[in-house]
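J.: Quick note, the sequences are listed as chains A and B, same order.
Counting along the first sequence from 1, when you hit position 139 you're at 139 in the numbering used here, and nothing is skipped either side.
Counting along the second sequence from 1, when you hit position 861 you're at 1045 in the numbering used here, and nothing is skipped either side.
Here it is: the structure, laid out below.
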Amino acid sequence: MSNEMANLPVESKNTEVVELHGDNTEQFVTFYFGQHFFGLPIDDVIEINKALDITPVPLAPAYVAGVVNLRGQILTAVHLAQKVGLHVPLTAENRDEDLEQNEESSKKYNNVIMGSREEPVSLLVERIGDVMSVPRNKIEPPPAIIEGVDAKYVSKVCKLDGELLIILDPVAMERPENSNERQA
Amino acid sequence: MGSMEDDILKDFLAESKENLELLDQQFVELEQEPDNEDLIKSIFRTIHTIKGTSGFFGFTTLEGIAHFAEDILSKLRDGVVPVDEEITTILLQSVDYIKAILGSLEASGKEPDDVEYLDFIVELRNFSEQIVKKGGGDSEDSGREASEASDGSAAEETKEPSASAQEEAEDKSEEKSEDDKQAQEKGSEKAEESSETVAKEKQQTEKSSEKGKKKTAPPKPRKAAAPPAGAHQLTETHVRIDVHLLDQLMTLAGELVLSRNRLTQITNNLNNPELSNANQHMSLVVTELQEQIMKTRMQPIGNVFNKFPRIVRDLARTAEKQVQLRIEGAETELDRSIIESIKDPLTHMVRNSIDHGIEASDIRLQHDKPAVGTLVMRAYHEGGQVIIEIADDGAGIDPEKLKKKALDKELITEEQAETMSDREALMLIFLPGFSTAEKVTNISGRGVGMDVVKTNIEKLGGTVELQSKLGKGTTVKIKIPLTLAIIPALIVHSAGQRYAIPQVNLVELVHLSREAVENDVQVIGESEFYRLRGEILPLIRLRKVLGVPVSEENNESMNIVVLNAGDRPFGLVVDAISDSEEIVVKPLGNHLKHIPAFAGTTLMGDGRVALIIDITGITASMRMKGDDAMKHASVVAGTGVDEERQFLLLCSIAPDEFFALPLALVNRLDKIPASDLEFVGGKEVVQYRGHSMPVIRLENYLPISPLPEQDEYHLIVFNMNNKDVAFLVSKIEDSLDIAIDVEEHTFKQDGILGSAIIKDRTTLFMDVYQIIEMHDPEFFDKPDLEEIGSARILLAEDSAFYRNLLASYLTAAGYDVITCEDGAQAWDTLQADDFDLVITDIEMPAMDGFELAKKIRADSRLKDMPIIAVTSLSGEQDKRRGMEVGFNEYQPKLDRDEVLSAVTSLLHPEKAVDMAA
């Protein structure tokens, strides 16, 4: 696992985060979408892959961006922002996206391939962060409301220097849902 | 039958070999735990099977050895004697002999004829007798019985034929193949040695058995005799492979196919002859490889069929009926995964046949049927698909009963029941929650069943059809693809994406030029139709199905993929059509598999993913969305195209007065502003496509309320006799696909064929030909009857609508027309009167058109009578059959011009030639 991670393109912006080792830490793969900073437990991530071609699937739930080909295996690509109901503050880049929905597929996302359960899923994120070791005592239950993020996808949070690491619940993230429910 | 026996023999050898390997191991285990009953039972079963099968084939030596070995084992099993080394040894020896015999059977197809085998039988028999005696103290009766049985039956049987085999030995040995000879030569020295030992042993045994008789002492332990060395070794021709391994191989082969496709694409771009050659060669190998791997997954359907004799027997017993099962095509091969999934559906259908189909013997006899009902299970290949039929000669299904049942269960409405054809009614049994059993039995009739059968078959990409003749029987026909893993598919484009359409559903491709789109594609409400060779083909736009915007340029050319998924065919309109390709089906993930429009995904040559379109899913989902085209086209899923079904166009002139006419007659529909109507020479015309077209106001010819003043009118344009003419109506209401059942008396008058209740409203059927003729008597060319003379035509047609329509235009053309409602009536009329020509429908009650034609051709007086068959649709197969029974012509009912010219040319062949010239 960690070997694979070592080879991957990782942005090293958060070097100031104290990396502790030992039993009292948990490791997370972190990534960004808009201004939000997310993490997934490292055991739930299979690999990280740069921009795979996404084939859109008409009639699919809104949070599904399409399907991707990962070395012959076809995975569902879940759009992180859509899935967690993220209202991404509109940067110039994002606004373009909204205007040209059809161009969505051509926008280059990074793929976090997650899933130790039945079926791996590719989670589309904007930027990949570090693999972070976080001391257990800094991990807290999530607050009742995190702005822009549906609470049911959040398992824990972790306050880091000025930034809130939102730790996603991998099971909830992988669970298929009724498209109507999502859109409502 | 020879090949079947060969097959059984092969299976038997393969199975026995495996079991024997197991036996070696089990015997050793047995020595360690002599009290293990399960182990003894298992060994007993194996030997017993060998005995039974060898008896079946008449392998007497083998049977003998197995018999005595079984004898000994039965003693062990019953606990009469304990397992000891001696017994184990002789049993192991038996196993060795059995192996040797099997080896010989495999190599030469017959048992070895060396004496030593017979000697061994004797030895084995003596041993078994001793055991019996030894155990006699404990259970004398059973022991004696067993020994008597062995003495009396098997031993004698074994000896005699074996002896004769021995006599033949010399002759036959010469016939042995080269290989065998070599093997024998090699082994001959050893064989001599071993036969010596065997001989010695035999003496020993005899001695010891004598002793044994006196003292009831066990024979001395001996060295295990070597199996006859000259015997054939068992060669492995079958290997058991883990199914997972096969699946994996299949997946890999799939990947290889994809890589190949990719490489081919690149090669084509590079245009390097050497690379092309190499790639072509690789391509061939890959294809071959894929086929071979596919074959490893193929299994004969017999693997499922062979479970049925038993099932049928049990079911027939429970139902107290007599049923004979006939299996045909058991060797037909199918993908393993499919074989597994069709067993339950088949079982269910067989149950249905026995429970509902085949009658009890006394009832069958009353109906002049043999007391024993016949159930046929038949499998065969047809066009890359496997067809499985389950046919019974039972009571058949009464469509009226089905309708009533469906009404009671509120599965259909009164109205639907009325307009429903028999074939549609039959399809009702596939509706969820439908059960025809009047009393619910424990066999079937639980209300779940046929719908599940249908769903399961459709999941496999197959279709189910049902045919039934009341009193004659029922046939269920299942079509399924050979394999599910790699399928040929057509790649199409829609909104910039590629989609794969399984070739199984593909009927043909149609490209319409811009002009053809304008002329031949009709838009009624939201739905589009295309007239394909006279048949109405509903169109569905793939973009619409997928929820992407339909392209603005409606006037562009059109690519239509004509598809058939058990329903009526329909056309899928796509942006572009590419090649067909072999694709590897990969399932959709959990998040997406609920979308009915897609059956899966596949990888294209360039590594991108394409979605596979599920045709049944599309039709189903369009139906749910209430899409008009599909609503009209679907009716009841699975119906074939019914002969008497028609697409009708419904329109109104004054509000609340509804009219219907066959859509097939209509050339186009259009709208014109009222200001475009002109009066020229007392007739109303409109400038249409560069010429004046006469416009007919129906109230001038029919006793109906006049057309209200409107800003805009609808035109129903006909093109007949190469001229355009249009009806002016106020509104196009709908189009509908129904079986026409016209009530002809209430409104019978010129220009009206009859009436029917459609959508709760009384609707009049227009006689388009007659109305046009009333408007312009010169519109149609008429045969010059003065010159050629009139003729008497007998018209047999069961549908009142068509009967009136045909009679109307034939009479108008100057012929004397006598009508009959079915073939039988027509036949009687023909006997009583003279006619010049017969026009007959195909599908009729009492006597159908084929039957009628046959009778006419067989009659000395009538055999030269010209016969025209008319049909609302022309299936090629019917056509061919029609020509065989002696129809002169085969014409669509609605095409007046064609029918009339056929009549003229048949009545006056010389005139037709003139006209052609």
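Glycine is no exception: its CB is placed at the ideal position from the N, C-alpha and C atoms.
Quick caveat, the model's predicted, so the values are computed rather than measured.
Starting from the Cα of residue 1084 (chain B), find the closest Cα among B:468, B:997, B:592 and give me that residue.
T.: For the set B:468, B:997, B:592, the Cα lying nearest the Cα of residue 1084 (chain B) is the one of B:997.
J.: Go ahead and pull the three-state DSSP assignment for residue 431 (chain B).
T.: Looking at residue 431 (chain B) - three-state DSSP - the assignment turns out to be helix.
J.: When you compare each of B:487, B:605, B:306, B:1071 to residue 1022 (chain B) by their alpha carbons, which one comes out closest?
T.: Nearest of B:487, B:605, B:306, B:1071 to residue 1022 (chain B), Cα basis: B:1071.
J.: What does DSSP give as the partner residues of residue 1025 (chain B) in its beta bridges?
T.: B:1054
J.: How about residue 781 (chain B): is its C-beta nearer than 7 angstroms to some C-beta of chain A?
T.: yes
J.: List the endpoints of the continuous beta strand (DSSP E) containing residue 483 (chain B).
T.: 482-484
J.: Can you give me the Cβ contacts of residue 111 (chain A) inside the same chain, cut-off strictly under 6 angstroms, excluding the 5 residues immediately before and after it?
T.: 49, 52, 122
J.: In angstroms, rounded to a whole number, what distance separates the CA positions of residue 66 (chain A) and residue 463 (chain B)?
T.: Distance between the alpha carbons of residue 66 (chain A) and residue 463 (chain B) is about 33 angstroms.
J.: Quick one: does residue 74 (chain A) have its CB under 7 angstroms from some CB of chain B?
T.: yes
J.: Leaving out five residues on either side along the sequence, give the residues of the same chain with a beta carbon under 6 angstroms from the beta carbon of residue 839 (chain B).
T.: none
J.: Is residue 766 (chain B) close to chain A, meaning its C-beta is less than 7 angstroms from at least one C-beta of that chain?
T.: no
J.: Whose C-alpha, out of B:769, B:959, B:509, B:921, is nearest the C-alpha of residue 180 (chain B)?
T.: With chain B running from 185 to 1101 in the structure shown, residue 180 (chain B) is simply not present.
J.: With 7 angstroms as the C-beta to C-beta threshold (strictly closer), list the residues of the segment 144-174 of chain A near chain B in chain order.
T.: none
J.: Listed in chain order, which residues of the segment 1013-1035 of chain B have Cβ atoms closer than 7 angstroms to some Cβ of chain A?
T.: none
J.: For the segment 47-62 of chain A, which residues have a CB atom closer than 9 angstroms to at least one CB atom of chain B, in sequence order?
T.: 53, 54, 55, 56, 57, 58, 59, 60, 61
J.: Taking the alpha-carbon of residue 665 (chain B) as reference, which of B:489, B:586, B:563, B:231 has the nearest alpha-carbon?
T.: B:563
J.: In angstroms, rounded to a whole number, what distance separates the CA positions of residue 148 (chain A) and residue 155 (chain A)?
T.: 15 angstroms
J.: Which bits of chain A does residue 731 (chain B) rub up against, with CB to CB less than 9 angstroms?
T.: Here the neighbours are 58, 59.
J.: I need the straight-line Cα distance from residue 166 (chain A) to residue 475 (chain B), nearest angstrom please.
T.: 51 angstroms
J.: Quick one: residues in its chain with C-beta nearer than 6 angstroms to the C-beta of residue 678 (chain B), no 5 flanking neighbours on either side, listed in chain order?
T.: Excluding positions up to five away in sequence, the list reads 726, 727, 758, 759.
J.: Give the straight-line distance between the Cα atoms of residue 139 (chain A) and residue 55 (chain A), rounded to the nearest whole angstrom.
T.: Straight-line Cα distance between these residues: approximately 37 angstroms.
J.: State the DSSP-derived secondary structure class of residue 350 (chain B), mapped to helix, strand or coil.
T.: Low local confidence applies: a pLDDT of 45 at residue 350 (chain B) is under 50, so the model's placement there is unreliable, with the coordinate-based value given in what follows. Looking at residue 350 (chain B) - three-state DSSP - the assignment turns out to be helix.
J.: Under 8 angstroms Cβ-Cβ, which residues of chain B neighbour residue 112 (chain A)?
T.: Here the premise fails: no neighbours, minimum Cβ distance about 16 angstroms.
J.: Is residue 147 (chain A) helix, strand or coil when you go by DSSP?
T.: coil
J.: Terminal residues of the continuous beta strand (DSSP E) containing residue 499 (chain B)?
T.: No beta strand (DSSP E) holds residue 499 (chain B); the alpha helix (DSSP H) holding it covers 492-502.
J.: Would you verify that the beta carbon of residue 176 (chain A) is, or is not, closer than 7 angstroms to some beta carbon of chain B?
T.: yes
J.: To the nearest angstrom, how far is it from the Cα of residue 986 (chain B) to the Cα of residue 832 (chain B)?
T.: Cα-Cα distance, rounded: 13 angstroms.
J.: Between the Cα of residue 554 (chain B) and those of B:585, B:210, B:507, spot the shortest distance and give me the residue it belongs to.
T.: B:507
J.: Which residue spans inside the segment 543-575 of chain B form an unbroken alpha helix (DSSP H) run of at least 4?
T.: Qualifying alpha helix (DSSP H) stretches, in chain order: 545-550.
J.: Let me confirm a value: residue 934 (chain B) is counted as buried when at least 16 other C-beta atoms fall within 10 Å, else exposed. Which label applies?
T.: exposed
J.: Mind checking if residue 776 (chain B) is an interface residue toward chain D, Cβ cutoff 7 angstroms exclusive?
T.: You won't find chain D in this structure, because its protein chains are A and B.
J.: For the putative contact between residue 551 (chain B) and residue 655 (chain B), defined by C-beta atoms under 8 angstroms, what is the C-beta separation to the nearest angstrom?
T.: Contact holds; Cβ gap of about 7 angstroms.
J.: Can you list, in chain order, the residues of its chain whose CB lies under 8 angstroms from that of residue 285 (chain B), leaving out five sequence neighbours each side?
T.: 243, 245, 246, 249, 295, 296, 301, 415
J.: Within this structure, are the beta carbons of residue 207 (chain B) and residue 230 (chain B) separated by less than 7 angstroms?
T.: yes
J.: Would residue 991 (chain B) and residue 979 (chain B) be called neighbours here (beta carbons separated by less than 7 angstroms)?
T.: yes
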